[in-house]
Amino acid sequence: MARLQGRLTSKVKTLGYWEQIVKFTDQYDEWSRHTDGQLPADDFAEIVRRIAEQLQSKNKVEMKLVNLLELEIIVTENGRSKRATHAEELRQISSHGLSYLILCVFFIALVNMIRKDQPVRFIWPMDELKELHQLNIEMLIELLTKNNITLLSAFPDPDPEILGFFKNRYQVHGFRELIEMDMDTEYMASLETLAFDVELPETKTDGIAESMDV
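Going by the working numbering, the sequence shown runs without a break in its numbering and finishes at 293.
Right, dumping it as structure tokens:
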């Protein structure tokens with residue numbers, strides 16, 4: 080991947096009544112600058128009437144912010160530029176691993192934009208980490224670490240190679256009981272048969288890892 084670009088654009092102007100609102104604003108500004116106590120011109124009244132009709136026909140105007148924004152991702156790979164504006168296009172833009180990393184890069188950019196220069200550490204829970212290639216996992220953890228972000232992930236079948244990227248490794252058993260995991264190969268092989276002195280209800284055992292100290 081040679082280049083990664085992101086463009087966040089507003090879709091407000093695509094709303095059917097937005098053009099009338101702009102005209103209303105322009106007419107009002109013009110009238111307020113030159114008014115000497117006179118009423119607005121007929122054109123101004125006509126625009127107000129059109130906007131009122133638009134609002135009455137819709138009963139109310141309610142738009143979610145997410146529907147008014149469009150995120151465009153442009154990836155340049157092997158000399159070719161590819162564009163994605165929704166999840167399906169992003170999946171088709173490249174391999175699963177690369178698409179995963181592209182999303183992470185944009186989330187990091189958003190975090191840094193919100194955090195600014197404040198010394199605040201974020202903790203990112205991330206699922207399905209094992210779907211990435213081992214080299215991509217290592218690259219991702221390094222990128223997050225440089226941006227003061229701690230990675231938290233869980234694995235039902237942890238691999239020693241992947242766990243080796245994490246400083247803190249724990250096994251969750253039963254009622255939120257945490258057991259620090261040793262990187263010894265024999266210990267890793269015995270995780271499924273690990274016995275306890277107390278009888279607990281049947282639960283799913285996951286390995287949990289953190290990339291840095293919290």
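A virtual CB, placed ideally from N, CA and C, is assigned to each residue, including glycine. Remember, it's a predicted structure, so these values are computed and weren't measured experimentally.
Counting C-beta pairs with one atom in each stretch, the region 161-175 and the region 101-109 have fewer than three that are closer than 8 Å, which means they do not touch. A Cβ-Cβ separation of about 14 Å leaves ILE228 out of contact with PHE244 under the 8 Å criterion. In this structure, the beta-carbon distance from LEU242 to MET218 does not fall below 8 Å. Between the alpha carbons of LYS225 and GLY158 lies a distance of about 28 Å. Counting along the chain, no alpha helix (DSSP H) covers PHE254, and no H or E run does either. Ranking LYS102, TYR179 and GLU151 by CA distance to the CA of THR88 puts GLU151 first. Of the residues assessed, LEU148 falls on the exposed side of the cut-off, its CB having fewer than 16 other CB atoms within 10 angstroms. Bounds of any beta strand (DSSP E) do not take in LEU94, whose DSSP letter is neither H nor E. Secondary structure note for GLU168: its alpha helix (DSSP H) is the uninterrupted segment 166-172. Under the DSSP assignment, LYS161 falls in the beta strand (DSSP E) whose first and last residues are 159-163.
About 15 Å separates the CB atoms of LEU231 and ILE187; that is not less than 8 Å, and the two are not in contact.
For GLU149, the enclosing beta strand (DSSP E) stretches over residues 148-156. Check the Cα spacing between ARG128 and each of GLU156, LEU169 and TYR96: the tightest is with TYR96.
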